[in-house]
Amino acid sequence: MRYSFLTLAREALSGHRGWRPLWRDAAPRGRYEVVIVGAGGHGLATAYYLARNHGITDVAVLEKGWLGGGNTARNTTIVRSNYLWDESAALYEHSLKLWEGLAEELDFNLMFSQRGVLNLAHNLHDVREGRRRVEANRRNGIDAEWLGPAEVKKLCPPIDVSPTARYPVLGATLQRRGGVARHDAVAWGYARAADARGVDIVENCEVTGFRIEAGRVRGVETTRGYIAANRVGLVAAGHSSVLAALAGFRLPIQSHPLQALVSEPLKPVLPCVVMSNAVHVYVSQSDKGELVIGAGIDAYNSYAQRGAFHVIESQMGALLELFPTFSRLKMMRSWGGIVDVCPDASPIIGKTPIENLFINCGWGTGGFKATPGSGWVFAHLLATGEPHPLAAPFALERFSTGVLVDEHGAAAVAH
Amino acid sequence: MSQPFRLPAGGLIDRTRTIRFVFAGRAYHGHVGDTLASALLANGIHFVARSFKYHRPRGIVSAGPEEPNALVQLGLGPHEEPNARATTVELYDGLVAAPVNAWPSLRFDVGAATGLAAPLLVPGFYYKTFKGPLWRPLFEPLIRRMAGLGTAPTEPDGDRYERMNAHCDVLVVGAGPAGLEAALEAARTGARVVIACDAPLLGGTLVDRAERAEWLANAVAELSASKDVRILVRTTIFGYYDDNYLCGVERAASGEPGPRERLWKIRAGRVVLATGAHERPLVFADNDRPGIMLASAARAYIHRFGVAPGRRAVVFANNDDGLSVERDLAAAGVEVAAVLDLRDGEAVVATEGRRRLRRVETASGRRIDCDLLVVSGGWNPAVHLFCQAGGTLRWDDRLAAFLPDRARQKLEIVGAAAGEGLSPPGNALSVPPRRRRAKCFVDYQTDTTADDIALAAQEGMRSVEHMKRYTTAGLGTDQGKTGNVAAFVLLAAARGVSPAETGTTTFRPPYTPVTFGAIAGRDVGALADPVRTTPLHDEHVAAGAVFEDVGQWKRPRYYPRAGEDMEAAVARECRAVRESLGMLDASTLGKIVLQGPDVGSFLDRIYTGRMSTLAVGRCRYGIMCRDDGMVFDDGVVARLDKERWLVSTTTGNAASVLDWFEEWLQTEWTELDVSCTSVTEHWAVVTFAGPRAPALFPELGDMRPMRVVETTLDGIPARIATVSFTGGPSFEVSVPAPYAEALWRAGLAAGAVPFGTEAMHVLRAEMGYFMVGQETDGSTTPLDLGLERLVAWDKEFLGRRSLRRPAHALSGRRQLVGLKPVAPVIEGAQIEPGPGHVTSSYRTAVLAMVANGRARIGEEVNVLFEGRRVAARIVEPRFASPGSAPVPGPPLNVTMPQMAATPMASVRAAPEALERLLGLRPETPNSVAEGDGFRILWLGPDEFLIVGEADLSGTRNVDVTFNREILHIADRGILAKGCGLDLDPRAFPPGRCAQTLLARAQVILEARPEEMLVYVRRSYARYLQDWLADAARR
């Protein structure tokens, strides 16, 4: 059923009895051409592009919990492509271009809102890095502007740009095409579109092992029985290293809790996304009216989706340093996700030591924005067995060859 | 004055004190002891809000923190607060409140027009529509305006906030009968007890139901009289974190001076959760009209506030406790028109009344006029904190509720929170509507109806988490306290399974919303982050320096004289260094003393170059890499003695380098005998640079570059190193921090021109010296910087293996070069053909990192920035060649002040060895031994701080007398505002010491009989003094 105002109106007249499930409650079959482990945004996008770009629909996406319940449900929904290095810029810009037509393509309003992303500079080093990023982005065909403090204030009135602040705002980069999207809708939109093309999405189905023969993967053991597959793709974010261990190889990944929180809903007050590296906080306002606020990772490694309160304390100090008028707003809900961080803060997309077992992970604190592009290139890998040109620089081998794509600097607030 | 619904007697309000308040533009009166909600009800006002989505008139449902409807915009200007719950706002004189989400007024709200489109506004309607190009320009702004409740204040906060740490044996959360009993029991054992209660008064339901008044009075009296019981009223424990660490927020009573709210961080040995239960409404047609209220709320308004919630009531419940509210109503003079027991098939199936309930219709067809409908759908134990602590729940059919099952932390859950004493409801929580279109609300605040949940299930939202996200049930400011369980039950019913199978959504902190300001505490404004200053800071301020932030440090960037702009000042400063004499405050650079027989081999492993061959009295420049082979930091290593070395680091990396050293020494290279001691703040450093510098030190005039001597200046120990970061002669002079001013003034007297970081950067760029973080960006190797000569491949060092990886043999790596552009270019500009970028750009020197740059010297390139293109030539990165010939000038004539200071030394030794040498040692780590004229603080496994005069010969020690300042604090309560340790004298008696955090500064605490000593790093002392002064004031 195509979604539109017309179908909505028709359903309203008939008591909304005609709506069908967005995706089927599929029971796993015994064999698939491709099994994708992890039904988050990246896994579901992979399934969708396998079907759409490569005509492969004999696909199961296995999810140990509820679909989209990991980092897809826990991130701060920021979308941008202003990465420093050419390799990252190409990948994230491909993703951003997909975002721009995605709601219509998926027939699902993802509430993608290109309201602009500001990265504030608070010291001379920030200014230098910001201006470098602007110029590098422009060379890569990515929209980027450098703003002075007065322009920052004009674009985003609640920011305090006074020179007497502890860390005054000296300027900012702006990517106008950046913004936010409704995170759950991304998972649901891809799930619905993949399901419509015949993909089985199997929830409450945890992978407990891999069947590997002669160095080649044959299938996965799950809590719902053995499932054979010609090719298997792992897209499990913070738990990637757990899956890799089950398959018998190691990843250069550290899993950390990353917390975020929202305020109570408010009438519009913050027109764009604001990120600050030096003061260490990022914030936007959701369409529902909540301020969505994130900061740095918890220092310790963990698989528990909860963090420590002192991280929230420093996050709030940072927020109020930028927005003193937000002091009387209230934190309504806080949560944590587990992010998978690579030594160079770039993802791993590629082959593993096991034949026909592929991996897509290491997106760290910034994977949400990459969802469409990540699915696109990973589907290519699963379909053809060879990396998509955009993904080639992100192979696992780079940690032995040393050809790293170090985005620590460009990642801004570790995001 | 009239409060028509105020009962003639009863309640805990102070009837002698009448206060005035304004709601929705009209003035009313209430009493001290009222909440805004009770005062409104006393005035007959039920209709106080409009709902989130349909803008339906809404009334006061509850009398506590679970309130879904009665949200108001409270206060004005710097005291404005959005989304305050009228049921918990204590009334004060002059209170001004307005409804949220209603325009132009509560009565005539244009938003109510959305009600007409209600059939279209089903869950997820916005996912199915507005997908096209009109989303951003039209629909999104419309949705954003419609959504949201209150308005963010536009003025900075007029109040301040406090933080407090507390420790106890037993923390009791909740002060109803179960909580009071637990607190009494614990108090009688002599335990340290904290009891926290979110209401202004202890008693909980005993107050709301006017029961057991005498027992309550005795309990409160006993607890108040117990020395080790801390009673926190108006305090909501909102978060239960790991290791029995709980956070709460205490609100000041109105008019109370001091902070508006106080964040409590409580570490408890054992926790008793007596958090009670929330009554839930029933789900039936149009169950949201003003005048429909929970039975528990009706009781509270009658007994706690002396307010009749209506004149003529209908009671509708599925449990005995709910039905029994009839007696309270009758006793308060409210006519009870009907009592409907859902278990007998009696039910309300329709309600009428636009802005206030007028009539209900029952299943048996009766139409009953009433202005109050009291409902009860049973109780949900408040298991929020229990679940935050990792506890699991089980579904209980008898109570139709989720009850605590297994606890994960050291806690007990008691009373109603554990399901004890709750009145079992009939199973039904909802009643089918008579008319198909009638709305049966499950979650009032988010306007989620029973139909919405059924539709979500129909659309495949089978998980409670999907249902929540799709319908938004439970996502309001009340986080579904009244509505969630009904939503879960309805979803289970739609799926044909038990609620035990669907379960609940995750309970997340906070229990109720917490003010941002309270979480930030005093870490705002000037105290947002420590300002670190050098001992010369006042000199710089007096000289009119313009500062830059380098990490937390304030460093002088340049010293403009009258009429000078930055360019002129910097040019003058540079000229002084090149032609005569400049002086720089270099105190911020990190300084680490390394001692032990293995320092040489340790430094060989740390630096790319070889350090072990360094002779005593010599300095060597070195680079250290991370294990990925990328440049991490650089600096000069000086060998002061056979087994005593001094490493300098960049300003920004001082702490990271020390951590890096310790990490390798403690975890990987445990066979090496090396001790590291930071002396960054013990020494102040002034660099005298320029051809006249040698003349300052006639007795050292022939000292060659890269030498170091330990000497004295006017009898004070000093260290002089011939190390240059600017080219040309340079003498780096270190003196103990308090003598820096005398040294600086002597420099001025000798004609030295102060120069700041900007001139320093220009001068080093002219020499082609790279800056960590400016030329390097975490992807730069020593080879990229052209510094292969600093890499000793024939030894092991961190990063060596990585540097041998194939990537570093590939062509195309960015390499450090100079640029000669035809016009000024900006830092960050891109280079074509590239890739490459400008890293440093000054009038006299431009540095860049350019692909294969070393092989492209002489090549013409373009520099691109701001849409422009500037031609440039790649050149060697060297723009100046200052001579080394000294120029005559006056010598440095320093007169050091007299001052007395308690000596402090860091000693590294095994405890037994220390005892042999000094005759005593502390008994345990973190304790103090007192000797004759000195004290020994045991800080780390082999680390001691000796305070006072002691003969330390034969020990491995470092003088750190001036590394820290000692602050004397009599009131431990002030320290508890910024220190997480248990500072109770029983836990931290005299003779104890600890290294910890106080506010945002690292400190050593030492308990003395009369006071606490706080040893703070000198550069943080000003910050900490400001912090302490602020904490003492409030």
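Protein sequence lines correspond, in order, to chains A and B. Residue 1 is where the first sequence starts when you use our numbering, and the numbers rise one by one after that. Residue 416 is where the second sequence starts when you use our numbering, and the numbers rise one by one after that. Glycine included, each C-beta is placed from N, C-alpha and C at the ideal position. Predicted model only: the values in this text are computed from it and were never measured.
Bridge partners - residue i, DSSP secondary structure assignment
i	result
A/N360	A/I349
A/L62	A/V37, A/V202
B/D756	B/A732
B/Y576	B/E676
B/L661	B/Y655, B/I681
B/K825	B/K825 pairs with nothing; no bridge assigned.
A/Y282	A/M275, A/G294
B/F436	B/Y443, B/L510
B/T666	Position check: residue 666 of chain B holds Arg in this sequence, whereas Thr was assumed. Looking at the DSSP assignment, B/R666 forms a beta bridge with B/E676.
For residue i, three-class secondary structure by DSSP
i	result
B/K1006	strand
A/K288	coil
B/E1235	A quick correction: the sequence has Lys, not Glu, at residue 1235 of chain B. The answer is strand: DSSP assigns B/K1235 an E or B state.
A/A414	Unreliable placement is indicated for A/A414, whose pLDDT of 35 sits below 50; no coordinate value is reported for it.
B/K969	strand
A/T72	helix
A/L67	coil
B/Q1230	strand
B/I646	strand
B/C1091	strand
Min CB distance residue i to chain A below 8 angstroms
i	result
B/E481	no
B/T930	yes
B/V939	yes
B/Q1081	no
B/G492	no
B/H1223	yes
B/W1208	no
B/L564	yes
CB contact check: residue i to chain B, cutoff 8 angstroms
i	result
A/R10	no
A/M316	yes
A/A412	At A/A412, the pLDDT of 36 sits below 50, so the modelled position is not reliable and the matter cannot be decided from this model.
A/R197	no
A/H256	no
A/A121	no
A/K330	yes
A/P389	no
A/Y3	yes
A/K288	yes
A/S327	yes
A/H415	Residue placement at A/H415 is flagged as unreliable, the pLDDT there being 33, under the threshold of 50; a coordinate-derived value is accordingly withheld.
Spatially closest choice to residue i from the options, by CA coordinates
i	options	result
B/V946	B/P1305, B/V939, B/W968	B/W968
A/L174	A/C361, A/R20, A/V273	A/V273
B/M676	B/G594, B/M579, B/G706	Note that residue 676 of chain B is Glu in the sequence shown, not Met. Here the closest residue by C-alpha is B/M579.
B/S739	B/A442, B/L757, B/A752, B/A710	B/A710
B/L1080	B/L1055, B/V1014, B/A958, B/L1413	B/V1014
B/A634	B/E600, B/V798, B/R649, B/A614	B/E600
Inter-residue CB distance, residue i and residue j (contact presumed, cutoff 8 angstroms)
i	j	result
B/E1173	B/E954	Rounded, the Cβ-Cβ distance is 18 angstroms, inconsistent with contact.
B/T919	B/R910	Contact flag wrong, Cβ pair sits at about 15 angstroms.
A/G238	A/V339	6 angstroms
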